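Here is the structure we will look at, set down as structure tokens.
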Amino acid sequence: MYRFITFLKWFPVAVIACLLAGCASSDGDEVILRVCNWEEFIDEGNWDDDEAIDIDGHEVIMGEEPMYKEFEDWYYEKYNVKVKVYYSCFGTNEDMYNQLTIGDKFDLVCPSEYMMMKLKNEGKLEEFSDEFFDVYDENNYYARGLSPYIKNVFEENKVGGEPWSRYFAGYMWGTTGIVFNTAKVKAEDARHWDILRDRDYYRTVTVKNDVRDSYFAALAILKADMLRSEKFISSPDYSERLAEEMNDTDEKVVDRVGDILQDIKDNSYSFETDSGKADMAAGKVDVSYQWSGDASYIMEVAGENSVNLNYIVPDECGNLWFDGWVMLKDGIDGDAAKKHAAQAFINYISRPDNVVRNMYYIGYTSVISGGDDDTVFDYMDWHYGTDETEDTIDYDLTYFFAEDGSDKNYTVRAKKGSEYGSLGAQYPDLNTIKRCAVMDNFDEEAYERINRMWINVRCINIKDIF
Numbered sequence: 178m179y180r181f182i183t184f185l186k187w188f189p190v191a192v193i194a195c196l197l198a199g200c201a202s203s204d205g206d207e208v209i210l211r212v213c214n215w216e217e218f219i220d221e222g223n224w225d226d227d228e229a230i231d232i233d234g235h236e237v238i239m240g241e242e243p244m245y246k247e248f249e250d251w252y253y254e255k256y257n258v259k260v261k262v263y264y265s266c267f268g269t270n271e272d273m274y275n276q277l278t279i280g281d282k283f284d285l286v287c288p289s290e291y292m293m294m295k296l297k298n299e300g301k302l303e304e305f306s307d308e309f310f311d312v313y314d315e316n317n318y319y320a321r322g323l324s325p326y327i328k329n330v331f332e333e334n335k336v337g338g339e340p341w342s343r344y345f346a347g348y349m350w351g352t353t354g355i356v357f358n359t360a361k362v363k364a365e366d367a368r369h370w371d372i373l374r375d376r377d378y379y380r381t382v383t384v385k386n387d388v389r390d391s392y393f394a395a396l397a398i399l400k401a402d403m404l405r406s407e408k409f410i411s412s413p414d415y416s417e418r419l420a421e422e423m424n425d426t427d428e429k430v431v432d433r434v435g436d437i438l439q440d441i442k443d444n445s446y447s448f449e450t451d452s453g454k455a456d457m458a459a460g461k462v463d464v465s466y467q468w469s470g471d472a473s474y475i476m477e478v479a480g481e482n483s484v485n486l487n488y489i490v491p492d493e494c495g496n497l498w499f500d501g502w503v504m505l506k507d508g509i510d511g512d513a514a515k516k517h518a519a520q521a522f523i524n525y526i527s528r529p530d531n532v533v534r535n536m537y538y539i540g541y542t543s544v545i546s547g548g549d550d551d552t553v554f555d556y557m558d559w560h561y562g563t564d565e566t567e568d569t570i571d572y573d574l575t576y577f578f579a580e581d582g583s584d585k586n587y588t589v590r591a592k593k594g595s596e597y598g599s600l601g602a603q604y605p606d607l608n609t610i611k612r613c614a615v616m617d618n619f620d621e622e623a624y625e626r627i628n629r630m631w632i633n634v635r636c637i638n639i640k641d642i643f
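Per the numbering used here, the very first residue in the sequence shown carries number 178; after that it's consecutive.
Now the structure itself:
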């Protein structure tokens, strides 16, 4: 169901945009907006007619042009100001940060939460204006449509003593876990991160080529007995303790994590950023450490080929991650017109029909529920709902869609097993979320130590030397 944007499709745009990243902020009355996003993380348009989303009671949703190009026309129509978007991409948070370090200039970028914290602590972020949060402005689709659950997370979590929400506008969110072939992998094995180094699955495992994600998984393996213990799980401050344990950077811990990652490397088919999706769907591997959005895509594609894959957040814990938009102080540089355009860009892609386009196109889950607009929920019901009465489940999405005091029904009747399929990957239940932790920003000394360990793992095998 979900579309897949190949490397070749985005690469020319990214190269051209990166070359233009140092251009002037404006050209006459035209506002120049430099946007940098993850690869394959926005609707690029060019849909075929049979891909149109036709939901009862809604206008047909269709992606014709890249969304960032359509924004230019929308902005001129709404504000009578011309804007030109230069759009480019990055592969990892660290790649994006390195681009900024070498002097690339962007106005709006989309890091994960821990990188947002790093940028904020370094004084690199521009605060959102009060007008951006005005729910009475009909064009403020973000403030009007943000999920109540996500809004609470962004208000409760602090960076530098301030709520995330002042500097970080959510885009996509999800968990990390294990995708596995149900015909070849025992479900019980997939419930534990240790499957990544399990010799029963030698050379049939892919792991993220990302220092933070791989460190997280290895840390969960190291602490598995404690994380699964009843004493730990039942502690009154479980969530706080889980976050503390899963952000442990003690020097001895890092060394032991390095040993585990060496074992994982020796056992794996590859460390990858994006190729794991194709390898899993093609049957080259049976186990894959994935972000939930990519897991959803893989399961959809494999299902079309009658290959049954499931997704599980291991019993020890999972990472609860958020990717969102931040404005860079260096790029905005006090330009009120540029800041207005940057905030409007976030609002445009938060419009419910555009949210659906992006979710359909990239497979990830938006932070937008839609507020009074039911387009997003109706899309989920259209995509996953069934009229069958046997072998079904009622999947409750109330926590994500419902405002406090609302008595609206946000339950999807779906096929049994959907809780381990794309539906469960896109919207984890509250029990799954409870055993997830958010990654913190490490201090510079910890970053250096962990990065040195990661280079040793990726480039050489210390065990073979000594």
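Where is the CB? At the ideal position from N, CA and C, for every residue including glycine.
This structure is a prediction, so every number in the text was calculated from the model and none was measured.
- Contact check between the stretch 560-574 and the stretch 588-603: three or more CB pairs, one atom from each, fall below 8 angstroms, which counts as touching.
- Going by DSSP, Arg-211 is part of the beta strand (DSSP E) stretching over 207-215.
- Met-403 carries a helical assignment under DSSP once its states are collapsed to helix, strand and coil.
- Classified as exposed, Ala-229 has fewer than 16 neighbouring CB atoms from the shown chains inside 10 Å of its CB.
- Pairwise C-beta distances place the stretch 530-547 out of contact with the stretch 372-384, as fewer than three of them are shorter than 8 angstroms.
- Under the three-state reduction of DSSP, Glu-339 is assigned to strand.
- As DSSP reads the structure, Gln-467 sits in a beta bridge with Gly-354.
- Between the C-alpha atoms of Asp-463 and Asn-485 there is a straight-line separation of about 11 angstroms.
- With contacts defined as CB atoms closer than 7 angstroms, Val-503 and Leu-373 fail to qualify as a contacting pair.
- DSSP, read as helix, strand or coil, puts Phe-345 in coil.
- Of the candidates Met-536, Asp-233 and Asn-270, Met-536 places its Cα closest to the Cα of Tyr-474.
- Inclusion of Lys-295 and Val-336 in the CB contact set at 7 angstroms is not warranted, their separation being larger than that value.
- Bridge pairing for Thr-588: Asp-573 [DSSP].
- By the Cβ test, the stretch 451-469 is not in contact with the stretch 321-339, since fewer than three Cβ pairs between them sit closer than 8 angstroms.
- Secondary structure at Trp-498: strand, using DSSP grouped into helix, strand and coil.
- Under a 10 Å Cβ-count criterion, Met-403 is classified as exposed, with fewer than 16 other Cβ atoms of the shown protein chains found around its own Cβ.
- Cβ-Cβ distances below 6 angstroms link Glu-580 to Pro-325 in the same chain, with the five nearest sequence neighbours on each side left out; the list follows chain order.
- Annotation: Thr-353 to Tyr-466 spans about 7 angstroms, alpha carbon to alpha carbon.
- If you ignore the 5 residues before and after Arg-626, its C-beta comes within less than 8 angstroms of the C-beta of Thr-426, Glu-428 and Val-431, all in its own chain and listed in chain order.
- Taking the Cα positions, Ser-546 is about 22 angstroms away from Ala-614.
- DSSP links Cys-266 through a beta bridge to Asn-214.
- The DSSP assignment places complete beta strand (DSSP E) segments of no fewer than 3 residues inside the stretch 392-464 at 447-449, in order along the chain.
- Look at the beta carbons and you see the stretch 600-618 touching the stretch 409-428: at least three pairs across the two are nearer than 8 angstroms.
- One thing to note: Pro-243 has its Cβ no nearer than 7 angstroms to the Cβ of Glu-217.
- Annotated three-state conformation of Met-504 is strand, per DSSP.
- Residue state for Glu-567 is assigned as coil, using DSSP reduced to three classes.
- CA-to-CA, the gap between Glu-477 and Ser-599 works out to about 7 angstroms.
- Annotation for Ile-545: no alpha helix (DSSP H) segment contains it, and DSSP assigns it neither H nor E.
- In the structure shown, Ala-614 adopts extended strand secondary structure according to DSSP, grouped into three states.
- Nearest neighbour of Ala-364 by Cα position, chosen from Tyr-488, Phe-267 and Asp-507, turns out to be Tyr-488.
- The straight-line gap separating the alpha-carbon atoms of Tyr-556 and Val-237 is approximately 11 angstroms.
- Assigned with DSSP and collapsed to three states, Asn-316 falls in coil, not helix or strand.
- If you draw a straight line from the Cα of Gly-453 to the Cα of Val-434, it is about 23 angstroms long.
- For Phe-578, the closest of Trp-468, Thr-566 and Asp-550 by C-alpha to C-alpha distance is Asp-550.
- The beta carbon of Pro-340 is closer than 6 angstroms to those of Glu-332 in its chain, skipping five residues each way along the sequence.
- Taken atom to atom, the span from the alpha-carbon of Met-273 to that of Gly-470 is near 20 angstroms.
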